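>
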Amino acid sequence: MSTTMNLKEAVVVITGASRGIGVSIAHAFAKAGSSLCLIARSAMELEDLAQELIHEYKISVGTWTANISDITRVTNVAHEIKARYGRVDVIINNAGIIQFDLVENSNIQDWWRVMEVNLLGPVALTGALLPLMLEQGTGTIISIGSRLCGGSSKYLSAYACSKTALMQFHQCLHREVWARGIRTFVVQPGNVDTNILVAPGAVNFDTASRDPELARRVQALKDTSTCDPQVTADLCVTLATIPEARILSGLYIDAEKSLNDIFDDISVSGRGLIQKHELYQLKIRKLTDVDE
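Numbering of the sequence shown is given in my numbering, commencing with residue 1 and proceeding in unit increments.
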């Protein structure tokens, strides 16, 4: 791989920055010398993180308290970031929530809230900052995805729908902005212990009390949430800096797998397995798509 681009002059916007993967991503870009715009719901946690980053890395850190599903607030935050920094080089859509429940028992407002946080928020923030990136002619947009991007799972209809739609958004966005210097990715971080499962509304305990399988599924996910968030954080930095990453734009990137294998395949112009079989992207395959 060629020399990485310098992030010392970069302005990086991170949502869900005060906890879990967001904290690791903030540290990774701070270590690279970037100026950070941190967005989260908890003002106290944000301020503590900002002071820690300023003290350790001697960088500029701005904080904004916001519920990412509040579109008016998100739009205002975007305007404030543009006014303060005049540019945005990287957007990390990390904020997210989950809901374990059966569709038959779900409160539709709770179900839809997952869509608002996991899909509407990232789309709104990206849309508000994208004109600035296009004016610059460069930028990287990364959303934290899931193994359920394009997958399905009992109890997780809202979450799976939100992450699948987010992946499709990135694929469409790639077609619009790639030729204008913007790269866009969805990163699958693996099972990371982010406290997402203990957040209010993450599990419908009424359903769980009558459905032992749901309780087992939640516990199993907790038990297997052992992936290191630093791996995802470092991957985000790599995707934002390595020139070769441009050829991966629009794709689903698995933090648990080596990027080298993907680079090796996709660099075979038009002949690699990724291009041939349209891997790492969403598509409904039909009978007519299958070679006999």
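Even glycine gets a Cβ: it sits at the ideal position worked out from N, Cα and C. It should be emphasised that the depicted structure is a prediction, and the values quoted were computed from it without experimental measurement.
Here's the rule I'm using: 16 or more other beta-carbon atoms within 10 Å means buried, otherwise exposed. How should Phe205 be labelled?
exposed
> Report the rounded CA-to-CA distance for Lys283 versus Cys149, giving the unit in angstroms.
Roughly 11 Å between the two C-alpha positions.
> Quick check: what's the CA-CA separation for His55 versus Ala30?
11 Å
> Can you tell me the Cα-Cα spacing of Gln171 and Ile144, whole angstroms?
14 Å
> Enumerate in chain order the residues of its own chain whose CB-to-CB distance from Asp110 is below 7 Å, with the five nearest sequence positions on each side excluded.
Gln99 and Gly201
> Please state whether the Cβ-Cβ distance between Gly16 and Ile91 is less than 9 Å.
no
> For Tyr57 and Asp48, what's the separation of their Cα atoms in angstroms?
Per the coordinates, the alpha-carbon of Tyr57 lies some 14 Å from the alpha-carbon of Asp48.
> Per DSSP, Thr15 is paired with what?
Ile39
> Taking the beta carbon of Thr194 as the centre, do at least 16 other beta carbons fall within 10 Å, making it buried, or is it exposed?
It is buried - the Cβ of Thr194 has at least 16 other Cβ atoms within 10 Å.
> CB Ile141 to CB Leu130, shorter than 9 Å?
yes
> Return the bridge partner residues of Trp64 from the DSSP annotation.
Bridge partners of Trp64: Ile39.
> Determine whether the beta carbon atoms of Gly96 and Ile196 lie at a separation below 9 Å.
yes
> Beta-carbon separation of Ala32 and Lys8 under 9 Å?
Yes, Cβ-Cβ distance for Ala32 and Lys8 is below 9 Å.
> How close, in whole Å, do the beta carbons of Val192 and Gly22 come, if the pair is a contact with beta carbons under 8 Å?
In fact, because the Cβ distance is near 11 Å, the residues do not count as touching under 8 Å.
> Using a threshold of 9 Å, state whether the C-beta atoms of Phe185 and Val123 are closer than that.
No. Outside cutoff.
> Give the secondary structure of Val123 by DSSP, where H, G and I count as helix, E and B as strand, and everything else as coil.
helix
> With a threshold of 16 other CB atoms inside 10 Å of the CB of Gln188, please say whether the residue is buried or exposed.
Result: buried.
> Could you check how far apart the C-beta atoms of Ala158 and Leu125 are, in whole angstroms? I think they sit under 8 Å.
Going by Cβ atoms, the distance from Ala158 to Leu125 rounds to 20 Å, so no, they are not a contact pair.
> With distances taken between CB atoms, is the gap from Thr226 to Ile182 smaller than 9 Å?
no
> Using the Cα positions of Ile262 and Arg73, report the straight-line distance between them to the nearest angstrom.
38 Å
> So, with DSSP's three-state summary, where would you put Gln188?
strand
> By the 10 Å Cβ neighbour count, where 16 or more other Cβ atoms means buried, how is Pro229 classified, buried or exposed?
buried
> By Cβ distance below 6 Å, which residues in the same chain neighbour Ala240 in space, the five residues on each side in sequence not counted?
Val90 and Thr140
> Just tell me which of Glu244, Lys257, Ala179 and Ser153 has its CA closest to the CA of Leu214.
The residue with the shortest Cα to Cα distance from Leu214 is Ser153.
> Would you mind working out which of Trp178, Lys222, Arg180 and Pro212 sits nearest Val198, comparing C-alpha positions?
Its Cα nearest to that of Val198, the residue Lys222 stands out among Trp178, Lys222, Arg180 and Pro212.
> Just curious, the alpha helix (DSSP H) that Gly20 is in, first and last residue?
Where Gly20 is concerned, the enclosing alpha helix (DSSP H) stretches over Gly20 to Lys31.
> Closest to Ala366 by CA distance: which of Gly127, Thr232 and Leu259 is it?
This structure leaves residue 366 out entirely; the chain is present only between 1 and 292.
> Alpha helix (DSSP H) containing Asp264: first to last residue?
Leu259 to Ile266
> Considering Ser143, what are the terminal residues of the beta strand (DSSP E) in which it resides?
Gly139 to Ile144
> Does DSSP put Leu7 in a helix, in a strand, or in coil?
coil
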